[in-house]
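Shown next, in structure tokens, is the structure this report addresses.
Numbering (this note's numbering), first residue to last: 2 to 125.
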């Protein structure tokens with residue numbers, strides 16, 4: 002990755018103090034590359050609990066919790082997969098890279114915000 006070191010450093014610093022950071026821009030700009038570089042830079046800060054979820058193929062935003070659960074390797078037991086995902090994440094420190102999130106991850110913005118809330122990074 003050429004010429005993005007400052008961007009990666011700045012967004013990595015933001016992510017350590019904010020629970021939700023978005024990278025937006027037109028397709029082909031390198032948003033996913035930047036997000037993956039940030040994940041590599043922060044993997045030790047998240048005890049290697051970093052997961053990449055491509056939401057680009059989803060046509061129903063209601064499937065986002067199921068897609069995230071699948072990436073995390075957990076089984077969804079509840080009628081509401083979002084609640085089941087919340088229960089699993091609990092106090093875990095996790096970095097979720099939500100690629101091609103657009104509006105699909107809107108519901109994830111409403112996750113509880115304790116000091117150890119998992120960090121999520123959507124790209125569009």
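Quick reminder that beta carbons are idealized off the backbone N, C-alpha and C, glycines included.
Predicted model, so just to flag it, every value in this text is computed and none were measured.
Beta-carbon gap between residue i and residue j smaller than 8 angstroms
i, j, result
"residue 68", "residue 54", "yes"
"residue 56", "residue 35", "no"
"residue 102", "residue 86", "no"
"residue 96", "residue 43", "yes"
Distance, residue j Cα to residue i Cα
i, j, result
"residue 61", "residue 83", "14 angstroms"
"residue 32", "residue 9", "10 angstroms"
"residue 91", "residue 77", "15 angstroms"
"residue 6", "residue 38", "9 angstroms"
"residue 81", "residue 66", "9 angstroms"
Per DSSP, the bridge partner or partners of residue i
i, result
"residue 55", "100"
Inter-residue CB distance, residue i and residue j (contact presumed, cutoff 8 angstroms)
i, j, result
"residue 22", "residue 16", "5 angstroms"
"residue 98", "residue 40", "6 angstroms"
"residue 48", "residue 20", "Residue 48 to residue 20, Cβ: 17 angstroms. No contact."
"residue 89", "residue 73", "7 angstroms"
Below-8 angstroms beta-carbon distance, residue i vs any chain C residue
i, result
"residue 40", "Annotation note: the requested chain C is absent from the structure, which comprises a single protein chain."
Residue i CB to nearest heavy atom of the ligand MN below 7 angstroms
i, result
"residue 68", "Absence of the ligand MN is noted for the structure shown, with no ligands found whatsoever."
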